[in-house]
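A short worksheet on the structure shown next.
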Amino acid sequence: MANILIVDDDPSVQRTIRLLLERAGHDVTVAGDGRKALALFEGGQFDLLFLDIFMPGMDGLETMRHIQALQPKIPVVVISGRSITPDSYAEPDFLKMATKLGAVTSLQKPFRVDALFAAVDRCLKAGESEGADVSTGGR
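Per our numbering, the very first residue in the sequence shown carries number 13; after that it's consecutive.
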């Protein structure tokens with residue numbers, strides 16, 4: 013199965029995603045912020061990255077930029093509890109922005125379990141089809 017890095021500053025989100033992915037047979041590593049994620053990424057190879065957009069310190073978009081510089085073909089799932097608000101003064105749609113910047117897909121919190129697994133499958137297939145340089149040889 014895949015070696016997955018989850019980057020989210022919310023411990024309950026970390027635990028939930030980790031538990032679901034480990035039960036599905038994946039190896040999971042967790043980081044609570046972008047700087048820790050970058051340090052973990054520099055020390056090892058991952059097949060897939062789950063990345064929260066809004067975190068203290070280094071936000072998800074900046075983290076994604078640094079990680080993609082190290083491993084350009086890493087499939088990324090961006091996650092966020094904030095996306096857009098339904099008024100004329102809405103903040104930008106950061107999930108859509110992240111996919112335009114290279115994330116394979118996005119999930120808005122709270123998300124369903126089947127949506128999580130669909131995102132994993134989509135990203136791992138995308139990584140295989142692009143010949144991603146991953147430690148597993150393109151699982």
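Ideal Cβ positions, reconstructed from N, Cα and C, are used throughout, including at glycine.
Opposing strand residues paired with residue i [DSSP bridges]
| i | result |
| --- | --- |
| residue 126 | For residue 126, which the question treats as bridged, DSSP gives no partner whatsoever. |
| residue 118 | 90 |
| residue 17 | 41 and 61 |
Of the residues the options, the one placed nearest residue i, counting alpha carbons only
| i | options | result |
| --- | --- | --- |
| residue 74 | 133, 115 and 35 | 115 |
| residue 55 | 82, 63, 14 and 30 | 82 |
| residue 139 | 111, 110, 91 and 87 | 87 |
| residue 1 | 14, 15 and 29 | The question about residue 1 has no answer, for the chain in this structure spans 13 to 151. |
| residue 47 | 41, 27 and 19 | 19 |
| residue 85 | 107, 69, 121 and 137 | 137 |
| residue 7 | 107, 127, 69 and 134 | Nothing about residue 7 can be read from this structure; the chain reaches only from 13 to 151. |
Helix, strand or coil at residue i according to DSSP, with G and I counted as helix
| i | result |
| --- | --- |
| residue 138 | helix |
| residue 64 | strand |
| residue 147 | With a pLDDT of only 41 at residue 147, under the threshold of 50, the placement of this residue in the model should not be trusted; the figure read from the coordinates follows. Coil, per DSSP. |
| residue 50 | helix |
| residue 83 | coil |
| residue 159 | As displayed, the chain neither begins before 13 nor continues past 151, which places residue 159 out of reach and without an answer. |
| residue 69 | coil |
| residue 133 | helix |
| residue 55 | helix |
C-beta atoms of residue i and residue j nearer than 8 Å
| i | j | result |
| --- | --- | --- |
| residue 60 | residue 132 | yes |
| residue 92 | residue 65 | yes |
| residue 52 | residue 76 | no |
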